[in-house]
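See structure below.
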Amino acid sequence: MEQIALGDTGRTTTRLGFGCSSLMGAMGRRDSLAILESAYDAGIRHFDVAPMYGYGEAEGCLGEFLQRHRPQVTVTTKYGIPPAKNSSLISVARRVVGPLTKTLPSLKHRLALAANAATRTNEKTTFTPQQAKTSLEHSLVALRTDHIDLWLLHEISAADLHDDALLSLLEQEVQRGTIGTFGIGSSVDKIPSLLTEHPAYCRTLQYEWSVLDPEIETAPTSPFRIHHRALTENFRSLHRALSEDKQLCQGWSASTNADLNNPQDLAHLMLKAALVMNPKSVILFSSKNPRHIQLNVKTAEDRSLEAPAREFHRLVQTERNQLSLTQAGAS
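Numbering (our numbering), first residue to last: 726 to 1056.
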């Protein structure tokens, strides 16, 4: 798979990265470890996790996996959203959310957010150096490693940053080698103000991007970027809209030489578009299905899809006003 420099860490990794939000949630530990190995065997070398994922247990699961593969892979984790601590609610959430996501996969992301919110305490993240240091130490222990390649401030806004004491800590941890680099992992609407008001924190930016989003500027001085959610709700919304407009779907299919009424073809072009329209970025995806992982890697490596993906992106950007998109897909 194509390799890319992971920001200013001095390390390279794969263009396609694996998001670990599903670990230890809908899947148990054995299945979670198996899916990590499937991603590794498929050629993926970047793994993204957070203390809150998997009701607070995803970092530990990834840490077990890293015992076999740490030198070969790069890892992102985050600070900002505390992990779950309510063990009784966690047990209930596992029993309820797992079966529901299998029955209603379209609700997976919303159910996961709701379950994690319900099982967390009311602890407020204030983004202080003290809280950050404690979170970093916990992540290092959970991941069973002495360094984290990329450490992101999770769901932070410009208003959360009151002084440069946190920035000093981040820079010190880079000097110590505890983290390779740092940055922001937040929603796209928060990125402009963070870039304007606190550019020193923005060595790396991680936020959502799909063909439905405006084109990303790639100036030489732009921070390194990682994108996620190229599919999810956006895929479902776009597939629904194309299914309802047969004439538009046929026209776009002819222009891209793909059957866009076929969910697999549509998903492949959406993922490929994320890669070709963001050529200097890592693109994250998450899956509980080994076959889907293999197909996504195949899509990433298939150069014959580059021109169709560019054309598909152009069509969506120029003709999206003809689509009847749901609010989730249009956001």
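Glycine residues also receive a C-beta, built at the ideal position from the N, C-alpha and C atoms.
- Across the set 970, 950, 798, the C-alpha of 950 shows the shortest separation from the C-alpha of residue 733.
- Note: residue 771 is bridge-paired with 742, 799 in the DSSP secondary-structure output.
- Secondary structure of residue 933 (DSSP, three-state): strand.
- In this structure, DSSP gives residue 976 a helical state, which the three-state scheme calls helix.
- Taking a contact to require three or more Cβ pairs closer than 8 Å, the segment 1001-1018 and the segment 759-769 qualify as touching.
- The residues 764, 769, 772, in chain order, have a CB closer than 6 Å to that of residue 743 in the same chain once the five nearest residues on each side in sequence are set aside.
- By a beta-carbon distance limit of 8 Å, residue 996 does not contact residue 966. Their separation comes to about 18 Å.
- When secondary structure is reduced to three states using DSSP, residue 874 falls in the strand class.
- Comparing alpha carbon positions, the residue from 894, 963, 952 closest to residue 1046 is 963.
- Boundaries of the beta strand (DSSP E) around residue 950: 949-953.
- Straight across, the Cα-Cα distance linking residue 902 with residue 875 is about 11 Å.
- Secondary structure of residue 906 (DSSP, three-state): strand.
- For residue 729, the beta-bridge partners assigned by DSSP are 738.
- Listed in chain order, the non-local C-beta contacts of residue 758 below 8 Å within the same chain comprise 786, 789, 790, local neighbours out to five positions each way being set aside.
- Beta bridge pairing from DSSP links residue 804 with 878.
- The alpha-carbon of residue 783 is positioned some 31 Å away from that of residue 918.
- It is roughly 13 Å from the alpha-carbon of residue 753 to the alpha-carbon of residue 746.
- According to DSSP, residue 1010 shares a beta bridge with 743.
- Residue 866 sits exposed, since fewer than 16 C-beta atoms from the chains shown fall within 10 Å of its C-beta.
- At a Cβ-Cβ threshold of 8 Å, residue 983 and residue 994 count as neighbours.
- The Cβ atoms of residue 879 and residue 781 do not sit closer than 8 Å to each other.
- Take residue 803, set aside five residues on each side of it, and the residues of its chain with a beta-carbon closer than 6 Å to its own are 775, 877, 879, 910, in chain order.
- Counting along the chain, no alpha helix (DSSP H) covers residue 912, and no H or E run does either.
- With 16 or more other CB atoms across the displayed protein chains lying within 10 angstroms of its CB, residue 1033 is buried.
- In this structure, residue 886 sits near residue 852, with a CB-CB distance shorter than 8 Å.
- Per the C-alpha coordinates, the member of 974, 990, 1008 positioned closest to residue 1041 is 974.
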